[in-house]
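Worksheet for the structure shown next.
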Amino acid sequence: MSAPARPFITCHVLETVSGRPAPDMRVTLSLLSPKRSNLSSPTTFTATTNSDGRVTAWQSTNDSGTVTTTELDHLVNTLKSDLKSDEQMNWSLVFATEEFYGKGKTFWPEVELKFCTDKDERHYHVPLLLGPWSYTTYRGS
Numbered sequence: 000m001s002a003p004a005r006p007f008i009t010c011h012v013l014e015t016v017s018g019r020p021a022p023d024m025r026v027t028l029s030l031l032s033p034k035r036s037n038l039s040s041p042t043t044f045t046a047t048t049n050s051d052g053r054v055t056a057w058q059s060t061n062d063s064g065t066v067t068t069t070e071l072d073h074l075v076n077t078l079k080s081d082l083k084s085d086e087q088m089n090w091s092l093v094f095a096t097e098e099f100y101g102k103g104k105t106f107w108p109e110v111e112l113k114f115c116t117d118k119d120e121r122h123y124h125v126p127l128l129l130g131p132w133s134y135t136t137y138r139g140s
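Next up, the structure:
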């Protein structure tokens with residue numbers, strides 16, 4: 000049995016003070032552009048990091064209830080087929096850091112990372128190295 004396909008965008012949160020993964024952190028993924036009026040797919044997705052600090056599947060809620068990663072993949076595939084060669088998709092990842100650390104225990108109530116993706120790429124991984132007073136990120140593999 001093969002492993003399920005990973006979504007177009009994944010992320011990973013490592014808590015730098017403890018040197019361990021950051022489990023149970025709420026993360027929101029949103030498509031910022033391009034905006035398309037003909038899209039039937041949701042453009043905002045949520046997840047909670049697993050025990051390894053990773054988001055490996057996204058959910059969205061619409062009128063029909065909760066849908067899973069296939070909706071993100073459908074959205075990405077639709078956009079890729081419509082994008083011109085010089086267009087990119089712009090995304091936002093918002094990490095609920097104050098929920099994770101507790102009120103008043105972090106300088107960052109949330110961390111938002113905005114990034115661009117190309118239509119020719121199959122996957123983007125966005126790690127966040129997070130402490131209560133600082134953070135850094137990079138494009139992972």
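Its first residue numbered 0, the sequence shown is counted upward by one per residue in numbering that gives the first Met the number 0. Glycine is no exception: its CB is placed at the ideal position from the N, C-alpha and C atoms. This one's a predicted model, so the numbers in the text were calculated from it and none came from an experiment.
Would you say the region 104–114 touches the region 87–95, given that touching needs at least three Cβ pairs under 8 Å?
yes
Let me check understanding here. Comparing Cα to Cα, which of Ser133, Ser29, Glu120, Ala46 lies closest to tyrosine 100?
On the sequence shown, position 101 is the one that residue 100 refers to. The shortest Cα separation from tyrosine 100 among Ser133, Ser29, Glu120, Ala46 belongs to Ser133.
Would you report the Cα separation of leucine 74 and lysine 102, rounded to the nearest angstrom?
For the purposes of this step, residue 74 is taken as residue 75 along the sequence shown, with counting starting at 1. For the purposes of this step, residue 102 is taken as residue 103 along the sequence shown, with counting starting at 1. One C-alpha to the other measures close to 35 Å.
Uninterrupted beta strand (DSSP E) stretches inside the region 5–80 (no shorter than 3 residues)
8–14, 25–32, 43–47, 59–61, 64–66
How would you label threonine 105, buried or exposed, when you count the other beta carbons within 10 angstroms and need 16 or more for buried?
Locating residue 105 in the sequence shown gives position 106, where the first residue counts as 1. Per the 10 Å Cβ criterion, buried.
Cα-Cα, which of Thr47, Leu30, Glu70, Pro33 is closest to cysteine 10?
In the sequence shown, the residue the question calls residue 10 occupies position 11. Measuring from the Cα of cysteine 10, the nearest candidate turns out to be Thr47.
Give the DSSP-derived three-state secondary structure of glutamate 109 in the structure shown.
The count along the sequence shown starts at 1 and reaches residue 109 at position 110. For glutamate 109, the secondary structure class from DSSP, reduced to helix, strand or coil, is coil.
Start-to-end residues for the beta strand (DSSP E) that takes in tyrosine 137:
As a first step, residue 137 is located in the sequence shown; it is residue number 138 there, counting from the start. Here tyrosine 137 belongs to no beta strand (DSSP E), and DSSP marks it neither H nor E.
Check whether proline 22 and leucine 13 have beta carbons under 8 Å apart
Indexing the sequence shown from 1 puts residue 22 at position 23. Indexing the sequence shown from 1 puts residue 13 at position 14. No; because the gap between Cβ atoms is not below 8 Å, this pair is not in contact.
Relative to the alpha-carbon of proline 131, which residue among Gly18, Thr96, Gln58, Ser59 has its alpha-carbon at the smallest distance?
Translated into the one-based positions of the sequence shown, residue 131 becomes position 132. Checking every option, the nearest Cα to that of proline 131 belongs to Thr96.
Can you tell me the Cα-Cα spacing of methionine 0 and threonine 43, whole angstroms?
For the purposes of this step, residue 0 is identified with residue 1 of the sequence shown, where counting begins at 1. For the purposes of this step, residue 43 is identified with residue 44 of the sequence shown, where counting begins at 1. Confidence at methionine 0 is low in this model, with a pLDDT of 49, below 50, so the placement of that residue should be treated as unreliable; the coordinate-derived value is given next. When rounded, the distance between both Cα atoms is 30 Å.
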